[in-house]
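The sequence shown begins at 43 in our numbering and counts up by one.
Note that the Cβ used here is the ideal one computed from N, Cα and C, for glycine as well.
Fair warning: this is a prediction, and the values are worked out from it, not measured in the lab.
Report on the structure given below.
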Amino acid sequence: MTTMTSPPRPDSGEAKKRSERNATQLTRRQRLSRLDVKASPYLYIAPFFVLFALIGLFPLVYTFVVSLNDWDILSGAGEWIGFENYVAELNDPYFWNSLFNTMSIFLLSAIPQLVAAVFIAALLDQNLRAKTFWRMSILIPYIVTPVAVAIIFSSAFGEKYGLINNILTSFNIEPVMWKSEVFASHFAIATMVNWRWTGYNALILLAAMQAVPRDIYESASLDGAGAVRRFFSMTLPSIRPTMIFVIITATIGGLQIFTEPKLFNPTSANLGGAHREYQTTVLYLWDMAFNRGDFGKASAIAWLLFLIIVGIGLLNFMISRKIASTEVKVISKRRAKKLARYRATTAANPTGVPAASVVDEEKSS
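Quick look at the structure:
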């Protein structure tokens, strides 16, 4: 009777000593090469994190500290008052009015903007002549400065001599008070935002559509799927990560809107309209900081807006994941039903030739 014995494993301490001995035997050039492999990735990404810490993280933390003080713009830091600035703003009707205006303008701008961007991207994804010309043309509004856009649209939406009201009166329609009515002013400001950002978002979505393999479309066309069916069943699911990115960036930008409402009516005594009809939260923050000189409350408003943006961003992300998981479940159930029908047909027909009804059903699905 023989017994198999495994060779003795080298002691870990001995292996470590051997490794250290080999390391000491490396040349200087080899040690530099090993250090380069280990340290280079961290050095490459370090500038971003250093800049983020300086111009992103530090202002965020400093603003939170300011929000906990009775901080005046001239006298500087005052008494430590804790969360009193937050409580005061949450009980201020002007804050809730600015939040309502921000959400209204955001919804009026973000939803039509994303729908139009997807439609334009789908058109540009077709086999058009002069593709580069059309793709560059939709980017022109983005390179125009927001100040110029606000001045042009402010003139067009003028209540007495504006272009829009002149066109309406020529059709015997009553002129709209674009700068003194709540919904009309929100619509006018949302129009500026849509005009400037739709082309930018369309190009991002177009890049995602271009990355979808064309073989899938050809196979679907051979199976009889039309253009609309291919768009909703193949294109939109394929660009879902990019859609989430565009939705989140549009949410962040829409809730921080400032230039358009500030320059919409420069002659107004109050920022955001005579009765604060279109005063957004950032505009209210700016008014609190530089007109009233209360940096503490302004910092509290900034942090409340930051928490709202983070909350809405997380909500968008969760909704998108929920939609994706629902689609995966539906596809899994459909595959399980097809597999069950196939096994039932195979058991009833041992020759292996599927029945005609099963073939027709497979083609239709």
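| request: Using three-state DSSP, classify residue 204 as helix, strand or coil. | output: coil
| task | Could you tell me the boundaries of the alpha helix (DSSP H) in which residue 89 lies? | result | 70 to 94
| residue 213 burial status per 10 Å Cβ neighbour count (16 or more: buried) | When all chains shown are included, residue 213 counts as exposed.
| Would a C-beta distance cut-off of 8 Å place residue 293 and residue 338 closer than the cut-off? | no
| query | How would you call residue 46, buried or exposed, if buried means at least 16 neighbouring beta carbons within 10 angstroms? | reply | In this prediction, residue 46 scores a pLDDT of 49, lower than 50, which makes its location untrustworthy; no coordinate-derived value is stated.
| message | Tell me the rounded alpha-carbon separation between residue 204 and residue 155. | response | 24 Å
| field | Three-state secondary structure assigned by DSSP to residue 118 | value | strand
| said: Under DSSP, the alpha helix (DSSP H) around residue 304 begins and ends at which residues? | reply: 301 to 306
| task | Please confirm whether residue 347 and residue 313 have their CB atoms less than 8 Å apart. | result | no
| Whose C-alpha, out of 139, 244 and 145, is nearest the C-alpha of residue 177? | 244
| request: For the segment 118 to 175, list the alpha helix (DSSP H) runs that are entirely contained and at least 4 residues long, ordered along the chain. | output: 126 to 132 and 135 to 166
| task | Have a look at residue 327 and residue 233 and give me their C-alpha separation to the nearest angstrom. | result | 23 Å
| Rounded C-alpha distance that separates residue 44 from residue 73 | Any reading at residue 44 is ruled out, since the residue's pLDDT is 44, under 50, leaving its predicted position unreliable.
| request: Taking all protein chains shown into account, decide if residue 207 is buried (16 or more other Cβ within 10 angstroms of its Cβ) or exposed. | output: buried
| query | Can you tell me the Cα-Cα spacing of residue 197 and residue 125, whole angstroms? | reply | 43 Å
| Neighbour-count burial assignment, residue 238, 16 or more Cβ in a 10 Å radius | buried
| With residue 276 and residue 258 assumed to form a contact (beta carbons below 8 Å), what rounded beta-carbon distance in angstroms separates them? | 6 Å
| query | Since residue 228 is in the alpha helix (DSSP H), which residue starts that stretch and which ends it? | reply | Start and end: 224 to 252.
| field | Cβ-based burial, residue 146 [other Cβ within 10 Å; buried from 16] | value | buried
| Which one or two residues does DSSP pair with residue 336 in a beta bridge? | 114
| task | Counting only the same chain and skipping the five closest in sequence on each side, list residues whose C-beta sits under 7 Å from that of residue 246. | result | Setting aside the 5 residues that flank it on each side, residue 246 is surrounded in the same chain by 284 and 288, each with a C-beta closer than 7 Å to its C-beta; the list follows chain order.
| CA nearest to the CA of residue 342, picked from 116, 200, 111 and 166 | 111
| task | Please work out which residues of its chain come closer than 8 Å, Cβ to Cβ, to residue 351, disregarding the five sequence neighbours upstream and downstream, and give them in chain order. | result | Short of 8 Å from the beta carbon of residue 351, and not among the five residues preceding or following it, lie these beta carbons of its own chain, in chain order: 293, 294, 297 and 298.
| Looking only at its own chain, which residues have a Cβ that is under 8 Å from the Cβ of residue 141, when we skip the five neighbours before and after it? | 323 and 350
| request: Less than 8 Å between the CB atoms is what I'm expecting for residue 229 and residue 150, so what's the real figure, rounded? | output: So it is a contact: roughly 6 Å between Cβ atoms.
| When the distance is taken between beta carbons, is residue 201 closer than 8 Å to residue 412? | Because the chain spans 43 through 407 in this model, residue 412 falls outside it and cannot be assessed.
| query | For residue 376, does the three-state DSSP call read helix, strand or coil? | reply | helix
| task | Run the CB neighbour count on residue 121, radius 10 Å, all protein chains shown included, and call it buried at 16 or more, exposed below. | result | Classification of residue 121: exposed, given that the 10 Å Cβ count is below 16.
| Taking DSSP as the reference, what is the three-state secondary structure of residue 312? | coil
| query | CA-CA distance, residue 407 and residue 179? | reply | With a pLDDT of 49 at residue 407, under the threshold of 50, the predicted position of this residue should be treated as unreliable, though the coordinate-derived value follows. If you take the alpha carbons of residue 407 and residue 179, they lie about 40 Å apart.
| Does the beta-carbon of residue 113 have 16 or more other beta-carbons within 10 angstroms, so that it is buried, or is it exposed? | buried
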